[in-house]
Amino acid sequence: MDQFNTRELASITWGAILVIALIFYSLKNAHLRDSLIGVIKAFFQIKIITSILLITTYVLLSVFILYQIKIWDFSQLKNTFFWYVFFAIGTMFSLSTIKENSHNFFIQTIKSSVNLSIVLQFIINFHTFNFLLELIVLIPLITLLSIISAVANQTKDQILVKKLCDFLLTLIFLIFFIYFIIQTFKVPLTFINYQALQDFFIPIILTILYLPFLWFFLLYIKYEEIFVRLQLHMNDRKLIILTKFLVIINFRTQKDLIDEWFHHIKIHKIENYKQLIDSFSLIKHRKAKRNKLSDTPLDVGWSVYQAENFLSAYELQVKYSDIGDEIWFGSKLIKLDDDFNPSTLTYYIQGHEDAVKQLKVKLFLYDLNHIPKYLSIYIEVINCLVRNSLQGSLNYNHIDNIYNLENFSDTSHDKLLEFQYEKFTHSVKPTCELSFSIKNPS
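Counting from 19, one number per residue, gives the positions in the sequence shown under this note's numbering.
Shown next, in the form of structure tokens:
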């Protein structure tokens, strides 16, 4: 693709119209003008400019290597530019989201680079219509339908609108696909050639090459954040300098251990060299325990390092922290939808490093209408917890009680199983919480 097609020209035209309209309106609106100037100033901060320069240098180096081995050529300049702007630079402005769940981001990015949807997107964009049709009808229509589909999920009426938009988008895609098939049969060489193969694979190759850089970039950000915040938890300047050096030496690229260590020193203040070395030893000791798990008698409870990961299949991991006896440790809550107030799942363990005494899974819903929608996934998570902690499963009575929102208390494998449903009416819109726990009988 060595020139812009009609769809790209239409998109650029709309982009230019929006920019001109924004500038024109900002000349008349002082508040908007000040906001726009603030955004521009923020963009030109030294950290952002440095990050863009680093990304650009790495991308140019990747392209140069691909050019040397005859995979990339100058016909891919436009293709590469679009990938650079929308993926390479785009990820930089999403780092706060990515670093929260970086492991999944890298896995999902690799999967999405080679899945069927990428093939279908390529097919849709391969053949385009005339410029006026793209400009006046297709680009505005698809953009409008996509925006409405993304935001219309609050009420039943909005969900109906969302379904209509999704149907229309699917219909448009189907028309594109049929048009592509017809054009391919008419002129097969326009699609079945080396140029088309390059157009498809170059963004995928660039994405895979870019991920190692992004991983180390996130690691650098992790160290930078912690080094800046060290001053809030340590007073000795020389000790801070030594700490920075020893953190890198001890943990290198292990971001989870860096996080665990920093969480530890926020609770247990480091005031001298011995305490610093002890903090490193403690985190490494916990890592060794996680790698070599020992069984805890069931009548006592569960190993904290096993209990941490009972629900890892659902990304509900817990990190043990020694902040006191019989303290609750909770996982990061999992959002089940994209509502303004989303429904959430959370996993808790209670106990200390020697043994966990209680396990709990909570489902919190801001909309009571979502109860039927999420009960099945909640029961699935509970069954996973029972299976991993007791090598058992819920019986039919338990499942019926949960579906009917009926509280129950029962025993299994000498443990107490409890389910509680609580409805809250203190807010304008009623909310509710479902809680399931496994613990020693009192």
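All C-beta atoms, glycine included, are put in the ideal place defined by N, C-alpha and C.
Is it true that the CB of residue j sits closer than 9 angstroms to the CB of residue i?
i, j, result
"residue 365", "residue 348", "yes"
"residue 305", "residue 251", "no"
"residue 224", "residue 37", "no"
"residue 84", "residue 227", "yes"
"residue 407", "residue 434", "no"
"residue 294", "residue 248", "no"
"residue 113", "residue 236", "yes"
"residue 376", "residue 455", "yes"
"residue 281", "residue 198", "no"
"residue 354", "residue 395", "yes"
"residue 28", "residue 157", "yes"
"residue 322", "residue 398", "no"
Taking the DSSP output, what are the residues bridged to residue i?
i, result
"residue 345", "369"
"residue 441", "450"
"residue 436", "427, 455"
"residue 463", "This structure gives no information on residue 463, because the portion of the chain shown stretches from 19 to 460."
Decide if residue i is buried, meaning its Cβ has at least 16 other Cβ atoms within 10 Å, or exposed.
i, result
"residue 325", "buried"
"residue 411", "exposed"
"residue 448", "exposed"
"residue 416", "buried"
"residue 43", "exposed"
"residue 152", "buried"
"residue 269", "buried"
"residue 405", "exposed"
"residue 203", "exposed"
"residue 60", "exposed"
"residue 99", "exposed"
Can you list, in chain order, the residues of its chain with a C-beta nearer than 7 angstroms to that of residue i? Leave out the 5 residues immediately preceding and following it.
i, result
"residue 359", "384"
"residue 346", "366, 368"
"residue 443", "none"
"residue 127", "225, 229"
"residue 123", "116"
Looking only at its own chain, which residues have a Cβ that is under 6 angstroms from the Cβ of residue i, when we skip the five neighbours before and after it?
i, result
"residue 20", "Only weak support exists for where residue 20 lies, its pLDDT of 49 falling under 50; the value from the coordinates is given anyway. The answer, listed in chain order, is 93."
"residue 184", "167"
"residue 2", "Since the first residue of the chain shown is 19 and the last is 460, residue 2 is not available in this structure."
"residue 428", "435"
Using a Cβ-Cβ cut-off of 9 angstroms, state whether residue i counts as contacting chain B.
i, result
"residue 72", "Absent from the structure: chain B. Only one protein chain is present."
Residues in its own chain within less than 8 angstroms of residue i by CB, not counting five upstream and five downstream?
i, result
"residue 352", "332, 333, 334, 362, 363, 364"
"residue 400", "379, 412, 420, 454"
"residue 107", "70, 73"
"residue 266", "241"
"residue 297", "279, 282, 283, 286, 288"
Hey, is residue i close to the ligand COA, as in C-beta under 8 angstroms from one of its heavy atoms?
i, result
"residue 441", "Because no ligand of any kind appears in the structure shown, any question about the ligand COA cannot be addressed here."
Which whole runs of the beta strand (DSSP E) in the region 353–405 are 3 residues long or more, in chain order? 362–369, 374–383
Please specify which runs of the alpha helix (DSSP H), each continuous and at least 4 residues long, are wholly inside the region 207–242, giving them in chain order. Listed in chain order, nothing qualifies, since the region 207–242 has no complete alpha helix (DSSP H) run of 4 or more residues.
Which ranges does the alpha helix (DSSP H) cover as unbroken runs of at least 4 residues, wholly within the region 262–320, from first to last along the chain? 273–285, 291–309
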